[in-house]
Structure formats: C-alpha cells, structure tokens
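Visitor: Residue numbering for the sequence shown follows this note's numbering, starting at 1 and increasing by one per position.
Note that CB positions come from ideal geometry on N, CA and C, so glycine has one too.
None of the values given here were measured: they were computed from a predicted structure.
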Amino acid sequence: MRLAAKLSPSSASIAAHLVRNRLHRIETYYELPTYNELDTLLNVYGVRQSEQAPYRQLREAAAMGGWWSRGKHGDTNCWYYAAEHDAQHVTEYALGAVPDLLQSEDYTRTLGRQLETGPTRMIADERVNAVRRRQRRMTQPTDLEFHAIVHEPILHQGITPPQWTKLIRFALQSHVTLQVLPRDNGLHRGLTGPVTHLGFSDPGVPDEAYTRDVFGDYTETAAEHVVHTRQLVRHLADIALSPEESLTLIRNASTQASGELTRHHSDHPADSSQPTN
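Below, the structure is given as structure tokens:
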C-alpha cells in the first residue's frame, strides 16, 4: 500500500507520526498496528473511509493469531510457519532429512528426539503436532504447489516403511513435484546447506528465503539474497533426476529396503524361549 501511494518509508513514517523502526516492524509482520495507527496509515495511503472496514477486519483476524503464534506454539519457527501457510509456491532443497511436509509421523518423532536443541519427548511431540498441522495443506484442497529436491543420501538414512509409503504417495500428487539429486553428482552447490524459497500469490508480498543450521532457522528477505536462493533451487532442480526418474528410484529403494528388513528378521528371529512374567 505504501508503494502504491508512492511514499518512501521515511515519508510514510513522518506523515503517520510513527518512528521509522515501528513502521518497518509493521510492514514486515513482526508487530500489528494499533487501531489508531491503522486508521492513520490508511488515511496517509489514500484509502477512502468507505473502503477501510475490510482492513480493520483483517487486523482483528490477525490479532487472534494462527496455531503457529508465539502464545500457542512458542518462538520456534513461528515466523516460517506463518509464511509457509500463506505461500502459494514452496520450493525446498533438503540436504539432511526428508522435508517436513513429506514426513511420516514416526520419522518426524524420531527426528525430533535426535535434535541437538533438546531431545525430549515434549520437543518430539511438538514437532509431530506442528508437522501434522502444516501437512493439512498437502492433503486438503489447496492452491499450494510444493517442489521438493531431496539429496539422495537422505533415502538411506532411517527411512521407515511408513515414510517410504508417504514419499511415494505425495510424489503422485498433482500439486507436488519430488526430485532426487543423485549422490554421484559429485560436488555441487547444494552441499552448502538446505534452503527453501517461498512465493506468494499476492503481488504485494515479496518472496522469502529460509535456511537452517544447528542453531535454528533463518529468514532472508533482502531481494538479492532471495533472487540468489531462487536461482540456486532452479539450478539444483536442473541437475536432479526428473520427477518420473525420481519416483522410480524411490520405489526401487523402498523395495530394496523392504527386502533387507525381511532378511534381517529372518536372520534374527525373536527368541521365543525367553521366560514370560
């Protein structure tokens, strides 16, 4: 709205009698405007009185908060969850684990228990609940288009039968594109770390980029960095297997893993001679 009114941040903050930092936090969704601030900004941006009611309704809805809000979920990843909920296009390159939106519950729980941030039952349960809520957009009628590029070694690290099933099922969905980046590609730009690019249907909302490490998730909104991220995931998609080739690889890996599990059970049968209580 500020851009449509052809106002710079400095000009808008002066006209609305707001501190520049306060306006920035409102525009970047870190803080909600008060009703007085909202009315002032709408007037500064030239919105007619007769057209202001929908903006007040949006403000009321935002104040209620989604399930990811701090009061309901805590600080962990709440900004990413909110952005992902509003995104129309999500492209994720996964380097170390199956993307959250494609995970089975047992895989999510095991991963949560292994996190260095605190391998406790509470954190594992919190991850399961968060992933389950986020995956609703994957299983219900949605405008979300999800593109996952998975580094092949992930498929050889703790993938359970339910996880194989879920990967194959999602790979067959029309709104999901799943590609595998072969491990025999040698050194490539994806080895620097996982990354996610979010695109939104609202032309007024700029794209965002995310990455993560052992200390948490990081948001990047600077235009040049977001563009770099978009170019990176496109490059990784170009060097990955096609969706059809990827599905074949996943099915073959699933069959091989199932055979190995069967042989393991055959070689190590349960000892039925153990005394029972």
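1. Counting beta carbon pairs with one atom in the stretch 126-141 and one in the stretch 149-158, are three or more of them shorter than 8 angstroms?
2. Shortest alpha-carbon distance to D213 belongs to which of A94, H89, A61 and A53?
3. Classify Y218: buried if its beta carbon has 16 or more other beta carbons within 10 angstroms, exposed otherwise.
4. Considering R136, what are the terminal residues of the alpha helix (DSSP H) in which it resides?
5. Look up I159 in the DSSP assignment and say whether it is helix, strand or coil.
6. In its own chain, which residues sit with a C-beta less than 6 angstroms from the C-beta of H147, not counting the 5 before and 5 after it?
7. Can you name the start and end residues of the alpha helix (DSSP H) that G112 belongs to?
8. Which residues in the same chain have their Cβ closer than 8 angstroms to the Cβ of Q163, if we skip the five residues on either side of it in sequence?
9. Taking the CB atoms as reference points, tell me whether H175 and T142 lie closer together than 9 angstroms.
10. Below 8 angstroms, how does it come out for the stretch 198-209 and the stretch 219-236: are there three or more Cβ pairs, yes or no?
11. Could you give the DSSP three-state label for L172: helix, strand or coil?
12. If distances are taken between C-alpha atoms only, which option among V44, I239 and D39 comes closest to L58?
13. Leaving out five residues on either side along the sequence, give the residues of the same chain with a beta carbon under 8 angstroms from the beta carbon of H225.
14. Are the beta-carbon atoms of Q179 and A253 separated by less than 9 angstroms?
15. Which word fits T80, buried or exposed, when buried means at least 16 other C-beta atoms lie within 10 angstroms of its C-beta?
16. Going by the DSSP bridge assignment, what does D213 pair with across the sheet?
17. Run through DSSP, which three-state label would A148 get?
18. Specify the secondary structure class of L181 as computed by DSSP and reduced to three states.
Guide: Short version:
1. Below 8 angstroms, too few C-beta pairs join the stretch 149-158 and the stretch 126-141 to call them touching: fewer than three.
2. As a position in the sequence shown, residue 213 is number 213, starting the count at 1. Nearest C-alpha to D213: A94.
3. Translated into the one-based positions of the sequence shown, residue 218 becomes position 218. When all chains shown are included, Y218 counts as exposed.
4. Reading the sequence shown from its first residue, position 136 is the one you call residue 136. Segment R136 to T139, the alpha helix (DSSP H) holding R136.
5. As a first step, residue 159 is located in the sequence shown; it is residue number 159 there, counting from the start. Three-state result, I159: coil.
6. The residue given as residue 147 occupies position 147 in the sequence shown. If we look at H147 and ignore the five residues flanking it on each side, its Cβ neighbours are T91 and T177.
7. Numbered from 1 along the sequence shown, position 112 holds the residue referred to as residue 112. That run of the alpha helix (DSSP H) goes E105 to Q114.
8. Residue mapping note: residue 163 aligns to position 163 of the sequence shown, counting from 1. V98, Q103, S104, D106 and Y107.
9. To locate residue 175, count along the sequence shown from 1; it is residue 175. To locate residue 142, count along the sequence shown from 1; it is residue 142. Yes, these two residues count as a Cβ contact at 9 angstroms.
10. yes
11. Taking the first residue of the sequence shown as position 1, residue 172 is located at position 172. If DSSP states are grouped into helix, strand and coil, L172 belongs with coil.
12. Here the question's residue 58 lines up with position 58 in the sequence shown. Of the listed residues, the one whose Cα sits closest to L58 is D39.
13. Within the sequence shown, the letter at position 225 stands for residue 225. Result list for H225: A209, in chain order.
14. Working through the sequence shown from its first residue, we reach residue 179 at position 179. Working through the sequence shown from its first residue, we reach residue 253 at position 253. Cβ distance not < 9 angstroms, so Q179 and A253 don't count as in contact.
15. In the sequence shown, counting from the first residue as 1, residue 80 sits at position 80. Reading off the sequence, residue 80 comes out as Tyr, not Thr. By the neighbour-count rule (16 or more Cβ atoms within 10 Å), Y80 is buried.
16. Numbered from 1 along the sequence shown, position 213 holds the residue referred to as residue 213. DSSP output for D213 lists G216 as bridge partner(s).
17. Translated into the one-based positions of the sequence shown, residue 148 becomes position 148. It is a strand residue.
18. Here residue 181 refers to the residue found at position 181 of the sequence shown. L181 falls in the strand class under three-state DSSP.
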